[in-house]
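Following this note's numbering, the residues of the first sequence are numbered contiguously, the last one being 553.
We put the CB at the ideal spot given by N, CA and C, even for glycine.
The structure appears right after this line, and notes come after that.
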Amino acid sequence: MRYSESFIKTNKSAPKDAETISHQLLMRGSFIHPLGAGFYSLLPLGFKTYRKIYNIITEELNAIGVEDMIMPVVHPARVWKETNRFFEVGPELWKIKNRANEDFALAMTHEEVVTDAAKQIISSYKDLPKLVGQIQTKVRDEARARGGLLRTKEFTMQDAYSFDLDEKGLDKVYQKFIKAYNQIFKRVGVETVMVESSVGAMGGLGANEFMLLADSGEDKIIVCSKCKHAVNAEVLGVSKDDAKQIKAGAKCLKCKCDKLELKRGIEVGNIFKLGTKYSVAQKLIYKDRHDQAKPVVMGSYGIGLERLMASVIEASHDDFGIIWPNSITPYQVYLIDINEQKKAEQVYAKLLKAGIEVFYDDREVGPGEKFGDADLLGFPYRVTISSKTKGKVELKKRTSKKAELLTIDQLIRRLKK
RNA sequence: CGGGGUGUAGCGCAGUGGCUAGCGCGCAUCGUUCGGGACGAUGAGGUCGGAGGUUCAAAUCCUCUCACCCCGACCA
């Protein structure tokens with residue numbers, strides 16, 4: 137892609153109301169556009185990264201046997217009434233009416249809908265286990281959107297649902313998801329810790345969250361400095377007098393010591409052992425081999441894509457801009473020329489031909505501006521062509537200060553690695 | 001939802017009762033530049049968030065309202 141043809145307009149300063157770093161950088165680099173509080177468009181650069189995250193998630197979940205599907209965003213109230221969540225969940229569930237004044241709910245999550253679908257598929261122990269998932273829009277009437285992409289009212293979630301004969305089957309698939317999730321976060325380029333969390337409005341037998349440790353995080357988590365066991369502060373509780381203090385006498389749930397530390401984290405993934413809450417309420421029943429009717433044992437598993445994207449930036453940036461991990465960068469290469477347009481065009485063509493994702497800054501502006509945007513946008517490699525490079529090209533990593541001179545063939549070989 | 005804050009050009013801001021509302025960046029044209037957002041010249045761009053009120057006169061004072069941000073509560 138050429139800069140001159142791209143839907144891009146960078147800005148030296150961020151809007152004043154953007155305070156979190158990911159919000160600022162996403163705005164400055166024109167990765168996103170705020171339509172209203174909690175509603176963002178992903179502009180082409182943002183969407184590139186989004187798609188890469190999407191693909192990584194899909195690959196890893198497919199690898200553990202998740203079959204992809206897609207469910208509606210508008211739900212007839214019927215299913216939400218079956219589980220009583222239509223009334224229990226509170227104002228976060230966005231309710232709407234159609235022209236006939238009938239109730240509908242927007243997809244806050246999809247347990248009810250997937251359970252409804254599962255009734256069409258599952259009726260015997262022979263139909264179990266099953267594992268399906270989707271990447272689909274969620275809408276939640278949040279009391280307060282915040283931090284740009286960190287907490288929005290509409291976002292995309294990868295959500296998967298497991299259906300098992302019994303808790304043993306659930307435990308097994310739950311472990312698979314823990315592995316897959318760790319693998320996803322690793323590939324996306326963030327370090328996470330898994331914490332015990334409360335089940336909240338999901339109900340069920342237990343839940344875990346995947347937290348990226350960051351000061352901008354809105355979750356408080358308590359980490360045992362001895363055995364590293366971590367829990368969401370909502371489980372152990374923080375003292376009422378001071379939200380920064382762990383409740384007196386609190387002990388690690390695992391090793392029972394009191395060496396607990398309070399940290400802040402961003403929840404990037406959440407998995408739930410739902411048990412039979414939904415299958416009982418919605419009558420998702422199977423017959424076992426003794427002709428006994430039993431409720432299916434379920435689990436649900438979710439990752440918010442936009443939040444994950446923002447989290448990566450929270451964890452990976454410097455004073456000049458974003459530092460995208462190779463795996464999810466919009467482009468691999470930011471190509472710059474300094475008054476060497478003809479040569480740059482040739483290099484651009486060769487890189488494209490070699491299948492390298494290259495963003496060519498073909499604007500007629502000074503070098504400082506191009507370097508500035510290269511740092512701001514944060515692609516892993518910067519390639520410069522100038523009178524100084526003399527038939528070669530200069531390669532510089534976003535993370536390094538040093539640059540090296542390479543021939544074009546060497547460059548392509550390097551980038552293909 | 002409680003508390004706080006902000007709305008003046010695309011972005012950042014100045015302007016606390018007075019005459020054609022300014023500045024920086026950005027944008028347009030021309031020229032000079034060209035290894036870290038360079039310089040000069042000339043331009044374009046604003047119903048001062050909206051409505052109502054007070055006043056001879058309102059961006060400025062009053063009332064209402066809308067929007068956005070931050071802290072908290074809440075959070076599948």
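- When Glu218, Thr219, Leu264 and Met207 are compared, the shortest CA-CA separation from Ala243 is found for Met207.
- A straight line joining the alpha-carbon of Ile157 with that of Phe167 spans about 13 Å.
- Excluding five sequence positions before and after Pro180, the CB atoms of its chain that fall closer than 6 Å to its own CB belong to Phe143, given in chain order.
- Judged by their CB atoms, Ala386 and Leu398 are not nearer to each other than the 7 Å cut-off.
- Rounded to the nearest angstrom, the gap between the Cα atoms of Pro170 and Leu285 is 10 Å.
- By the C-beta criterion, the stretch 409-427 is judged not to be in contact with the stretch 354-368, since fewer than 3 inter-stretch pairs fall below 8 Å.
- Relative to Glu345, the option among Glu303, Thr273, Ile402 and Arg323 whose CA is nearest is Ile402.
- Shown here, Asp351 sits in coil according to DSSP, grouped into three states, outside any helix or strand.
- A residue is called buried when at least 16 other Cβ atoms come within 10 angstroms of its Cβ; Ala281 meets this threshold and is buried.
- If you ignore the 5 residues before and after Ile314, its C-beta comes within less than 8 Å of the C-beta of Met330, Asn344 and Ile407, all in its own chain and listed in chain order.
- Under DSSP, Tyr437 forms a beta bridge with Ala296 and Ile407.
- Inclusion of Val501 and Val469 in the CB contact set at 7 Å is not warranted, their separation being larger than that value.
- In the structure shown, the three-state DSSP call for Leu179 is coil.
- By the CB criterion at 7 Å, Gly325 and Pro265 fall outside the cutoff.
- The DSSP-derived three-state label of Gln256 is helix.
- DSSP links Phe346 through a beta bridge to Met330 and Gly405.
- In the three-state reduction of the DSSP assignment, Lys266 falls in the strand class, which pools E and B.
- Apart from sequence neighbours up to five positions away, the residues of its chain that approach Thr525 with a beta-carbon distance below 7 Å are Leu541, ordered along the chain.
- Setting aside the 5 residues that flank it on each side, Asn220 is surrounded in the same chain by Ala417, each with a C-beta closer than 8 Å to its C-beta; the list follows chain order.
- When the alpha-carbon of Leu301 is set against those of Arg187, Gly182, Leu410 and Ile459, the nearest one is in Leu410.
- Non-local beta-carbon contacts of Lys430 in its own chain, meaning distances under 7 Å to residues more than five positions away in sequence, involve Ile421, Tyr422 and Asp424 in chain order.
- The alpha-carbon separation between Thr292 and Gly342 amounts to approximately 24 Å.
- DSSP links Ile157 through a beta bridge to no other residue.
- Take Val249, set aside five residues on each side of it, and the residues of its chain with a beta-carbon closer than 8 Å to its own are Met207, Pro208, His211, Val215 and Ala243, in chain order.
- Residue environment: Lys395 is assigned as exposed (fewer than 16 neighbouring CB atoms within 10 Å of its CB, all protein chains considered).
- Across the set Thr245, Glu290, Thr412 and Glu370, the C-alpha of Glu290 shows the shortest separation from the C-alpha of Gly172.
- DSSP places Gly508 inside the alpha helix (DSSP H), whose first and last residues are Pro503 to Leu513.
- Ser334 and Ile257 have their C-alpha atoms some 31 Å from each other.
- Classified as exposed, Phe223 has fewer than 16 neighbouring CB atoms from the shown chains inside 10 Å of its CB.
- By the neighbour-count definition (other C-beta atoms within 10 Å, threshold 16), Glu354 is an exposed residue.
- Per DSSP, the continuous beta strand (DSSP E) segment holding Val367 begins and ends at Ala366 to Asn368.
- For Lys533, there is no enclosing alpha helix (DSSP H); the enclosing beta strand (DSSP E) covers residues Val529 to Lys533.
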